[in-house]
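There are 2 protein chains.
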Amino acid sequence: MTTAEKLASLRAWMEKNSVNAAIIPNADPHNNEYQAPRWLSRQWLSGLKGSNGTVVVTAEKAGLWTDSRYYEAAEEALAGSEIKLFRASDPGVDSIIDWLKSELKAGDVVSFSGNDISEADASSWVSSLKVADISANTELDPVDEIWTDRPAEPCGKLDLVAEELTGQSTEEKLKDLRALMQKKGVQVYLLGRTDESNWLLNFRGTDMENHPTPYCYTLVSADEAIFFIDEGKLSDEAKRKFTAAGFTIRGYGEVASVLEELDKDTRLLMVPRYTNHNLYKAGSHCFLIKERALATDLKGVKNEVEMENTRKVMIEDGAAMVRFYFWMYSELQAGRKVTELSASKKLLECRQAISGFRHVSFDSIMGYKAHGALNHYSVDENSDVEVTLDGIFLIDSGGNFENGTSDTTRVIPMGTPTQEQKIDYTLVLKCLIELITAEFPEDATCAQLDGICRRPMWQHHRLYRHGTGHGVGYGLEVHEGPQNFSGLTTERMYEGMLSTIEPGIYRSGEYGIRIENMVHTVKSADTPFGKFFKFENLTFCPINVDLVDTAYMDDCHIEWLNDYNAQVVEKLSPLLNEDEVSWLKHECRPVGK
Amino acid sequence: MTTAEKLASLRAWMEKNSVNAAIIPNADPHNNEYQAPRWLSRQWLSGLKGSNGTVVVTAEKAGLWTDSRYYEAAEEALAGSEIKLFRASDPGVDSIIDWLKSELKAGDVVSFSGNDISEADASSWVSSLKVADISANTELDPVDEIWTDRPAEPCGKLDLVAEELTGQSTEEKLKDLRALMQKKGVQVYLLGRTDESNWLLNFRGTDMENHPTPYCYTLVSADEAIFFIDEGKLSDEAKRKFTAAGFTIRGYGEVASVLEELDKDTRLLMVPRYTNHNLYKAGSHCFLIKERALATDLKGVKNEVEMENTRKVMIEDGAAMVRFYFWMYSELQAGRKVTELSASKKLLECRQAISGFRHVSFDSIMGYKAHGALNHYSVDENSDVEVTLDGIFLIDSGGNFENGTSDTTRVIPMGTPTQEQKIDYTLVLKCLIELITAEFPEDATCAQLDGICRRPMWQHHRLYRHGTGHGVGYGLEVHEGPQNFSGLTTERMYEGMLSTIEPGIYRSGEYGIRIENMVHTVKSADTPFGKFFKFENLTFCPINVDLVDTAYMDDCHIEWLNDYNAQVVEKLSPLLNEDEVSWLKHECRPVGK
Chain A
1 MTTAEKLASL RAWMEKNSVN AAIIPNADPH NNEYQAPRWL SRQWLSGLKG
51 SNGTVVVTAE KAGLWTDSRY YEAAEEALAG SEIKLFRASD PGVDSIIDWL
101 KSELKAGDVV SFSGNDISEA DASSWVSSLK VADISANTEL DPVDEIWTDR
151 PAEPCGKLDL VAEELTGQST EEKLKDLRAL MQKKGVQVYL LGRTDESNWL
201 LNFRGTDMEN HPTPYCYTLV SADEAIFFID EGKLSDEAKR KFTAAGFTIR
251 GYGEVASVLE ELDKDTRLLM VPRYTNHNLY KAGSHCFLIK ERALATDLKG
301 VKNEVEMENT RKVMIEDGAA MVRFYFWMYS ELQAGRKVTE LSASKKLLEC
351 RQAISGFRHV SFDSIMGYKA HGALNHYSVD ENSDVEVTLD GIFLIDSGGN
401 FENGTSDTTR VIPMGTPTQE QKIDYTLVLK CLIELITAEF PEDATCAQLD
451 GICRRPMWQH HRLYRHGTGH GVGYGLEVHE GPQNFSGLTT ERMYEGMLST
501 IEPGIYRSGE YGIRIENMVH TVKSADTPFG KFFKFENLTF CPINVDLVDT
551 AYMDDCHIEW LNDYNAQVVE KLSPLLNEDE VSWLKHECRP VGK
Chain B
1 MTTAEKLASL RAWMEKNSVN AAIIPNADPH NNEYQAPRWL SRQWLSGLKG
51 SNGTVVVTAE KAGLWTDSRY YEAAEEALAG SEIKLFRASD PGVDSIIDWL
101 KSELKAGDVV SFSGNDISEA DASSWVSSLK VADISANTEL DPVDEIWTDR
151 PAEPCGKLDL VAEELTGQST EEKLKDLRAL MQKKGVQVYL LGRTDESNWL
201 LNFRGTDMEN HPTPYCYTLV SADEAIFFID EGKLSDEAKR KFTAAGFTIR
251 GYGEVASVLE ELDKDTRLLM VPRYTNHNLY KAGSHCFLIK ERALATDLKG
301 VKNEVEMENT RKVMIEDGAA MVRFYFWMYS ELQAGRKVTE LSASKKLLEC
351 RQAISGFRHV SFDSIMGYKA HGALNHYSVD ENSDVEVTLD GIFLIDSGGN
401 FENGTSDTTR VIPMGTPTQE QKIDYTLVLK CLIELITAEF PEDATCAQLD
451 GICRRPMWQH HRLYRHGTGH GVGYGLEVHE GPQNFSGLTT ERMYEGMLST
501 IEPGIYRSGE YGIRIENMVH TVKSADTPFG KFFKFENLTF CPINVDLVDT
551 AYMDDCHIEW LNDYNAQVVE KLSPLLNEDE VSWLKHECRP VGK
């Protein structure tokens, strides 16, 4: 089916069901960032891959809203279709709801699947549409009937993770969680986001390629804990272990009826952005507690075992990247052909050699030249291009290991860089250094830290439209909360949090620059003004100096860069052969004014 | 009555009314920052003056919650009383509700006056208490019966403001407001904050000393506009003018019944933080629209007439401050006695000489030595101290004029400063410069800008626990929204906004340092990355250089300082006499490394 045919059958479905507009997201029952193929409705309809994007269709028009990471990919995907791109990160662009209000009239009906939209989004949409006398039908799934070859629900086996890797047993985590629930007055708590269950029960799933989060729920009260998952996903050992830790196991589909049966006085916590609209309804007769996602909060603060393992894996990960770079330069110098795809395969091989490797932590972004400006570019046979000794190459990649998760972005010049490329790169690097060296009080907010990172490039009228960084899971999702660095995030940092810092500058059709390190929030000092935090750097991978123009740096930035690259040589050399070390030392040579 | 006696009669009232705890704020029906004496309940009960602070009383205990600006003043006010101070700006301090939940038991009742608490606070309190099975009684006013000499409601006359001063007529403003209401789907809009009525109807009130906001409401729909105010406050001319502009005039007390009579399908906007709990209930049968405070948004963006007038008045205001400084140094050098109070009187005289002066824009903060560390110190006969040629003197003051509002803070060394004082001062100055010279994209948030300001002192483990700045009214309140600079503020900036930047460092018992300028948000550039803004500086008043240690500044900061002080000399000299100019030139001499 072409996109035009899909739109035609969607519109026929809409007419049959008296629906004037349909909202088609990529969204699953947990508001997960990544979904199993069954829930990739927007991708199926529009062709746009990636974690962000929603299609909206009326009888006359169709639009796709996505954030700046996917602007160029969306342009490519939508070329030749009637679907219009709405650049949702840009100032002044209509939101989906504003657009619907301008396209529809009073009495019209908008349809979206209440099973796959978070309560947070659904309730906000419903009340905003109501202002214009537009109602929402959340009972039907607009694509289910017309998506004839829709994939089934996945059924991947769970892998248990040993306590020496997690640093905390399920029993201890359950105890901590119940203590926090009691403090917050919560009697029953639905862990709606799937990685919360991963963390609590110490397992990895295989429902999705490259994602350890299987479809499941956990419901916890003071004296009961229920793990909702299809039994086919559990080994006998897993069943024994979860049961021994105090969990009852029930089917994934049973969660709604268990919520429905709760007494109406039950003080229930369901987090609206992690619970779908229909499931939320199932528990909404209870006394609903407005609270944070308690399991996400506990999970966000890493314990010492998790940190020790992460430190170790990050050095091995850095060495793998150096091995890859050395291979690539050797191939090119020997006149052999390298493409984005062959580079991607080689990088995977280098990571696979690391003990504990499970899978990539996300699809590697191998962005040569203009592809580097596509924030979440994913190379395939169609998009693959040859890499030569010219232009800029952005590589953003990471691994999911038994003992940690990595996420690193580096940019290298393949030939002689232009002055604009050097200025852009140096400003990005300066932004990274400003935040990675920041000292901040314990109640500093993520938005304040985000501003600190962006200032150096703002002064030169450059910017990036994505977040400055995100929380990182321990062997779990590469993007996790509660913290992330953006101007809208008023979360604070806690000691033990694991995050990325990744400023960038993108020139559409030309190149992309991003430098990304992982950092750990640690105590810096107790002072008369209170406690101060700083970041411990975790990423050891050369920061290229050929792209640096030190005229754009202060002495403190140059000092940081030279010190950083010296540490990279020191940490990685023991893991590399002589030729690789020699390349590394040259790549990490000190720079001056 | 002593505080102990007041607490005793409050507890007797509580027992009689079966109430287990009472919350006593300084709060009026509009959630105004400043209140007429009738609503200064917390001040009456605890003795603490100032704009922030709430007392909570149970049968056994009493506590006062206030923000960092008032810590020291609260300590003084509470000395010898049983009321315990809760430092609400500090991390980890129990909120009022958390404390009540720990002190009370299930089934208990908390009383606070629903007339004087915003719907935003009241609804959050009610639902948080409900979690612990504690109910709220919002019908009674805990102090009304026991406060036997409670002041009456004020009845100050309104003064009309001419259109050549406001730049926009009431008719035009009403048209803009109605257009915005229509765009947002609002049929009826209650302007709950009093300065929104000031702005719309172009007047100043005299209900409160030093505040132009009288007790009134305005209700606007597409074909009706009602101004609720006690008729005794209106001259015949005012009545004629408001009527001609399309307003019906009704009594202040009638607003609730007009809301009650609205049809239930009415799309009504009441802003929960600007509408009290009981009034909100009066309109809550309608279809409530969740929207921003539309009049506050329109008011926040100044027009060209307002800006031209503000620029002019700020230069006159700066000259008045220089005249004051010159007088003070002359007095001291001649061996005459100067105290905080006499200095305050002299500064007022200097401002009163400016054409269009109405009153101070807030109680001047004349903080000599340790008083400078009291963020909102207000000098009176009891606290007054002599100012000598020693220590640090912080002066934060401003005027409310027909043609603008000023708010400036400067710090001067009266003797030879210590190295710690110089470092603190230089870091504060560096923070100011970092933000005042910032370039930022149009969707930058206030929290990002706040982080940019704070970084220089965070690097040296210093901080301030107040906001970095606030919006400033045009001849209206010195603190106004929607913008303010704090880590929790995700508001963005608009071209034409008027704000302060005022970082500080406070050493309890020793001294306070704060430097505050007013700034105007203007366009900096249209770039391939979008529109960038910057700040136009509006304050011209010497920044003392004796306290500067240039070792703590980069070249760009030194350059900014020298350029700034040169501008101060250039702008103010024409308004000063020869001796004053000579003092000014010395005060503004350039510094180097």
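As you go down the protein sequences, you meet chains A and B in turn. To convert, note that position 164 of the first sequence is 164 in UniProt numbering; the numbers rise steadily by one, no gaps. To convert, note that position 562 of the second sequence is 562 in UniProt numbering; the numbers rise steadily by one, no gaps. Note that beta-carbon positions come from the ideal geometry of N, C-alpha and C, so glycine has one too.
- Spatial neighbours of E254 of chain B in its own chain (CB-CB distance under 7 Å, excluding positions within 5 residues in sequence) are listed in chain order as F228.
- Restricting attention to A:D121, A:S342, A:R336, A:G512, the CA atom closest to the CA of H376 of chain A is found in A:G512.
- For L576 of chain B against V322 of chain B, the beta-carbon gap comes to about 6 Å, under 8 Å, which counts as contact.
- The Cβ atoms of L7 of chain B and V56 of chain B do not sit closer than 8 Å to each other.
- For S46 of chain A, there is no enclosing beta strand (DSSP E); the residue is part of the alpha helix (DSSP H) that begins and ends at 41 to 46.
- Note on geometry: alpha-carbon atoms of A21 of chain B and V188 of chain A lie some 29 Å from one another.
- Look at W458 of chain A: its C-beta is under 8 Å from a C-beta on chain B.
- If you look at M518 of chain A, you'll find it in the beta strand (DSSP E) that goes 517 to 527.
- Judged by beta-carbon spacing, F440 of chain A lies within the 8 Å limit of F533 of chain A, meaning their Cβ atoms are closer than that value.
- Using a Cβ-Cβ cut-off of 8 Å, T490 of chain B counts as an interface residue toward chain A, since at least one Cβ of chain A sits closer than that to its own.
- With a 10 Å radius around the Cβ and a threshold of 16 neighbouring Cβ atoms, D144 of chain B comes out exposed.
- N403 of chain A has its alpha-carbon roughly 16 Å from the corresponding atom of G300 of chain A.
- Contact between the stretch 124 to 137 of chain B and the stretch 104 to 116 of chain B is present, with at least three C-beta pairs closer than 8 Å.
- DSSP assignment within the stretch 407 to 480 of chain A yields the following whole alpha helix (DSSP H) runs of 4 residues or more, N-terminal first: 419 to 436, 446 to 458.
- In terms of Cβ geometry, A73 of chain B and G50 of chain B form a close pair [threshold 8 Å].
- Taking 9 Å as the cut-off between beta carbons, the residues of the stretch 539 to 558 of chain B near chain A are D554, in sequence order.
- Separation of K430 of chain B and I97 of chain B (C-alpha to C-alpha, rounded to the nearest whole angstrom) is 38 Å.
- The stretch 443 to 459 of chain A and the stretch 439 to 457 of chain B touch, with no fewer than 3 CB-CB distances between them shorter than 8 Å.
- The beta-carbon distance between P151 of chain B and R311 of chain B, rounded to whole angstroms, is 39 Å. This is too long to meet the 8 Å contact definition.
- Of the residues assessed, Q419 of chain B falls on the exposed side of the cut-off, its CB having fewer than 16 other CB atoms within 10 angstroms.
- According to the DSSP assignment, V322 of chain A belongs to the alpha helix (DSSP H) that extends over 304 to 333.
- A distance below 6 Å between beta-carbons, with the five flanking residues on each side excluded, links S81 of chain A to the following residues of its chain, in chain order: T3.
- Here D159 of chain A is bridged, per DSSP, to A:R204.
- Between the alpha carbons of E60 of chain A and A122 of chain A lies a distance of about 24 Å.
- The beta carbons of G283 of chain A and L190 of chain A sit closer together than 8 Å.
- Under the 8 Å criterion on CB atoms, G530 of chain A is classed as interfacial with respect to chain B.
- For the pair H371 of chain A and G415 of chain A, the Cα-to-Cα distance works out to about 17 Å.
- Ranked by Cα distance from G185 of chain A, the first of B:V131, B:G205, B:R465, B:V313 is B:V131.
- Taking a 10 Å sphere around the C-beta of R273 of chain A, we find fewer than 16 other C-beta atoms and assign the residue as exposed.
- Under the three-state reduction of DSSP output, K534 of chain B falls in the strand class.
- The stretch 336 to 355 of chain B makes no contact with the stretch 468 to 483 of chain B, as fewer than three CB pairs between them are under 8 Å.
- Against chain B, the CB of L463 of chain A has a partner CB under 8 Å away; the residue lies at that interface.
- At least one C-beta of chain A is nearer than 8 Å to the C-beta of L449 of chain B.
- The beta carbons of T213 of chain B and G156 of chain B sit no closer together than 8 Å.
- The distance from the Cβ of A295 of chain A to that of L177 of chain A is about 6 Å, consistent with a contact at the 8 Å cut-off.
- The three-state secondary structure of S169 of chain A, taken from DSSP, is coil.
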